[in-house]
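Participant:
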Amino acid sequence: MSFSAADHACMAEALRLAERGRFTVDPNPVVGCVIVRNGEVVGRGWHRAAGEPHAEILALREAGVRARGACAYVTLEPCRHHGRTPPCTRALIEAGISEVVAAMADPFPANAGQGLEVLGRAGVRVRSGLMEEAARALNPGFIARHERGRPWVRVKLAVSLDGRIAAADGRSQWITGPAAREDTQRWRARASALLTGIGTVLADDPRLNLRLPGVDRQPLRVIADSKARLPASARLLNLPGSILVASTEQAPWTRDGVSWWQGPADRRGRLDLLALMARLVELDVNELHVEAGAVLSGALVEAGLVDELLIYQAPVLLGPGAAMLTMPGMEKFDQRLHLELVESRRLGPDWRFIYRPRRG
């Protein structure tokens, strides 16, 4: 299917609009829509929050009667099903839209190609696949949850130049500077859930909450605690937001805002991480942001569950101390995991690197 330069420009605008909902739409995908008539943009919209009108509806409202005979560019296939809002396909048809250009099909099973089919049967010209790679990059977690049955897992690590996450005396605050720590808050804000391990809670008593101006929501905080050692006095328990404690043991105590989930153990007697991922999918977790110690982070990498490593590296040397990852099952050179550098960016004196495992 061929697309013109004008098509690309319109879809690029829709992609930019979609990004505006980055911190507010979870667990829904971010979506943008641009309506064009006779070469003029007459309507723009983006999904702003779960339960609120979708991008297409807002763009149609702005376009008004000018939507008749126009083309709608949308970053994700319009929905045909009734969720918390009515189907967008019906609204597009009733508004008289003559063509819909979608960047990608919706991976949500209740839609999955059927939205475009409904439009086509109604006489709307349909084209799909324009800038699909960029559209998929907008919603890695939503896509992973529906296509693979698990969240998109991002492991964040703050390390020294010699690859340490803590000094020999156990201190780790702060390896990186303010700019890197502020950047971390934006990654937390886009996540459905934040995961840490009981070792980190016992050692550092972290808050693990979102502190980004202008963003009110708190992602679900998840604690991997195989032996149910979480103290009821932990600081993160006294902050706003929901908490899930994942353990192989029964809950030793209960309180409002804290849910205990008893999962199976793996062959080492620790919480089965695959089972945890399945549980998080049941809770509509799209992106899982991990801030944990070397043991849990390493176990996730070793299990092949990590999609992205978010590494902040400071220009300091710590000498003997904690390595960034503990992976006892990877002892031979031939077992090494190859990574692909996706992005590098300087943040004050520090650098941020994004790596993804090379699959296959």
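So for the sequence shown, the numbering used here puts the first residue at 839; every next one is plus one.
Beta carbons: idealized from backbone N, C-alpha and C, even for Gly.
In this text, all values refer to a predicted model and were calculated from it rather than measured experimentally.
#1: Taking the alpha-carbon positions, what's the GLY934 to ILE873 distance?
#2: Can you tell me whether DSSP reads GLN952 as helix, strand or coil?
#3: Take GLY1035 as the anchor and find which of LEU954, GLU890 and VAL1133 has the nearest alpha-carbon.
#4: Opposite ALA901 in the DSSP bridges: which residues?
#5: Helix, strand or coil for PRO916 per DSSP?
#6: With respect to the alpha helix (DSSP H) encompassing SER1135, which residues constitute its N-terminal and C-terminal limits?
#7: Take VAL938 and list the residues in its own chain whose beta-carbon comes closer than 7 Å to its own, dropping the five residues that flank it on each side.
#8: Restricting to Cα atoms, I'd like to know which of TYR1150, LEU1175, ARG854 and ALA940 is closest to GLN1023.
#9: In the DSSP assignment, what are the bridge partners of PRO1195?
#10: So, helix, strand or coil for ALA972, using DSSP?
#11: Helix or strand or just coil, what does DSSP make of LEU1075?
#12: In the structure shown, what three-state DSSP assignment does HIS984 receive?
#13: So ILE1149 is in the beta strand (DSSP E); what residue range does that whole segment cover?
#14: Taking its Cβ as the centre, do 16 or more other Cβ atoms sit within 10 Å of HIS892, making it buried, or is it exposed?
#15: Applying the 10 Å Cβ sphere with the 16-neighbour rule, what's the burial state of SER1071?
#16: Looking only at its chain, what residues have a beta carbon closer than 7 Å to the beta carbon of THR1014, apart from the 5 residues adjacent to it on each side?
#17: Rounded to whole angstroms, what is the Cα-Cα separation between ARG988 and SER842?
#18: Does DSSP put LEU1156 in a helix, in a strand, or in coil?
#19: Should GLU1146 go down as buried or exposed, given a rule of 16 or more other Cβ atoms within 10 Å for buried?
#20: If we call anything under 8 Å between Cβ atoms a contact, is ARG805 one with LEU1058?
#21: Measuring CA to CA, which of VAL903, LEU1032 and GLY1159 is closest to LEU1114?
#22: Alpha carbons only, please: which of PHE980, ALA1018, SER966 and GLU1181 is nearest the one belonging to PHE946?
#23: Determine the DSSP secondary structure at GLY883, reduced to helix, strand or coil.
#24: Where GLY883 and LEU1155 are concerned, what is the direct C-alpha to C-alpha distance, given to the nearest angstrom?
#25: Using alpha carbons as the reference points, say which of ARG854, ASN866 and GLY1131 lies closest to ALA1005.
#26: Which residue or residues does DSSP assign as beta-bridge partners of TRP1012?
#27: How should LEU1111 be labelled, buried or exposed, when 16 other C-beta atoms within 10 angstroms of its C-beta is the threshold for buried?
#28: Tell me CYS909's beta-bridge partners as DSSP assigns them.
#29: Should the segment 1160 to 1177 be called in touch with the segment 1060 to 1071, which here means at least 3 C-beta pairs below 8 Å?
#30: Nearest to ALA973 by CA position, among ASP944, GLY1079 and VAL1123, is which residue?
#31: Answer yes or no: do LEU914 and VAL869 have a C-beta to C-beta separation smaller than 8 Å?
#32: Would you kindly report the start and end of the unbroken alpha helix (DSSP H) that includes GLY1035?
#33: On a Cα-Cα basis, can you pick out the residue from VAL1083, GLU1087, SER1135 and GLY1101 that is closest to ARG1093?
#34: What does a CB cutoff of less than 7 Å around LYS994 pick up in its chain, not counting 5 residues either side in sequence?
#35: Residues in the same chain with beta-carbon distance under 7 Å from VAL858, minus the five sequence neighbours each way, listed in chain order, please.
#36: Do ASP845 and LEU968 count as a contact pair if the criterion is CB distance below 8 Å?
Facilitator: Taking the coordinates as given:
#1: Residue 934 sits at position 96 when you count from the first residue of the sequence shown. Residue 873 sits at position 35 when you count from the first residue of the sequence shown. C-alpha separation (whole angstroms): 12 Å.
#2: Here residue 952 is taken as the residue at index 114 of the sequence shown, counted from 1. It is helical.
#3: As a working note, residue 1035 is residue 197 in the sequence shown. Cα-wise, what sits closest to GLY1035 is VAL1133.
#4: In the sequence shown, residue 901 corresponds to position 63, counting from 1. Paired residues: none, contrary to the question.
#5: Along the sequence shown, read from residue 1 onward, the residue named residue 916 stands at position 78. PRO916 falls in the coil class under three-state DSSP.
#6: Position 297 of the sequence shown holds residue 1135. Segment 1132 to 1140, the alpha helix (DSSP H) holding SER1135.
#7: Within the sequence shown, the letter at position 100 stands for residue 938. ALA910, VAL912, PRO916, LEU930, LEU957, VAL962 and VAL964.
#8: Here residue 1023 corresponds to residue number 185 of the sequence shown, with the count starting at 1. Cα-wise, what sits closest to GLN1023 is TYR1150.
#9: Here residue 1195 refers to the residue found at position 357 of the sequence shown. LEU1177, per the DSSP bridge assignment.
#10: Within the sequence shown, the letter at position 134 stands for residue 972. Here ALA972 sits in helix by DSSP.
#11: For this step, residue 1075 is matched to residue 237 along the sequence shown. Residue state, collapsed to three classes: helix.
#12: To locate residue 984, count along the sequence shown from 1; it is residue 146. HIS984 falls in the helix class under three-state DSSP.
#13: Residue 1149 sits at position 311 when you count from the first residue of the sequence shown. Per DSSP, ILE1149 belongs to the beta strand (DSSP E) from 1146 to 1151.
#14: Within the sequence shown, residue 892 is the residue found at index 54, counting from 1. By the neighbour-count rule (16 or more Cβ atoms within 10 Å), HIS892 is buried.
#15: Counting from 1 along the sequence shown, the entry for residue 1071 is found at position 233. SER1071 should be labelled exposed.
#16: Position 176 of the sequence shown, counted from the start, is the residue given in the question as residue 1014. Cβ neighbours of THR1014 beyond the five flanking positions: ALA996, TYR1150, ALA1152 and ASP1188.
#17: Taking the first residue of the sequence shown as position 1, residue 988 is located at position 150. Taking the first residue of the sequence shown as position 1, residue 842 is located at position 4. Each residue's alpha carbon lies about 36 Å from the other.
#18: Counting from one through the sequence shown, the residue named residue 1156 turns up at place 318. The answer is coil: DSSP assigns LEU1156 none of H, G, I, E or B.
#19: Locating residue 1146 in the sequence shown gives position 308, counting from the first residue. That one is buried.
#20: Examination of residue 805 is not possible in this model, given that the chain is present from 839 through 1198 alone.
#21: Translated into positions along the sequence shown, residue 1114 becomes position 276. The residue with the shortest Cα to Cα distance from LEU1114 is LEU1032.
#22: Residue mapping note: residue 946 aligns to position 108 of the sequence shown, counting from 1. When each option's Cα is compared against that of PHE946, the closest is PHE980.
#23: For the purposes of this step, residue 883 is taken as residue 45 along the sequence shown, with counting starting at 1. It is a strand residue.
#24: Position 45 of the sequence shown holds residue 883. Position 317 of the sequence shown holds residue 1155. So the alpha carbons of these two residues sit roughly 48 Å apart.
#25: Start at 1 with the first residue of the sequence shown, and residue 1005 comes out as number 167. Selected option, being the one with the closest Cα: GLY1131.
#26: Within the sequence shown, numbered from 1, the residue matching residue 1012 stands at position 174. Paired residues: none, contrary to the question.
#27: Sequence index remark: in the sequence shown, residue 1111 carries index 273 (1-based). LEU1111 counts as buried, since no fewer than 16 other beta carbons sit within 10 angstroms of its beta carbon.
#28: Counting from 1 along the sequence shown, the entry for residue 909 is found at position 71. In the DSSP output, where bridge partners are listed per residue, CYS909 has VAL874 and GLU937.
#29: Contact fails: fewer than three Cβ-Cβ distances are below 8 Å.
#30: By 1-based counting over the sequence shown, the position of residue 973 is 135. The shortest C-alpha separation from ALA973 is found at ASP944.
#31: Here residue 914 refers to the residue found at position 76 when the sequence shown is read from its first residue. Here residue 869 refers to the residue found at position 31 when the sequence shown is read from its first residue. It is a contact, given that the beta carbons lie within the stated cut-off.
#32: Walking along the sequence shown from the start, residue 1035 turns up at place 197. Taken as a continuous stretch (DSSP letters only), GLY1035 belongs to no alpha helix (DSSP H), being part of the beta strand (DSSP E) at 1031 to 1035.
#33: Numbered from 1 along the sequence shown, position 255 holds the residue referred to as residue 1093. Ranking VAL1083, GLU1087, SER1135 and GLY1101 by Cα distance to ARG1093 puts VAL1083 first.
#34: Here residue 994 refers to the residue found at position 156 of the sequence shown. THR1022, TRP1025, HIS1127, VAL1128, GLU1129 and LEU1148, listed in sequence order.
#35: By one-based count along the sequence shown, residue 858 stands at place 20. Checking the sequence shown, residue 858 turns out to be Arg, not Val. Correct list, in chain order: TRP884.
#36: Stepping through the sequence shown from its first residue, residue 968 is reached at position 130. Stepping through the sequence shown from its first residue, residue 845 is reached at position 7. Taking 8 Å as the Cβ cut-off, LEU968 and ASP845 qualify as a contacting pair.
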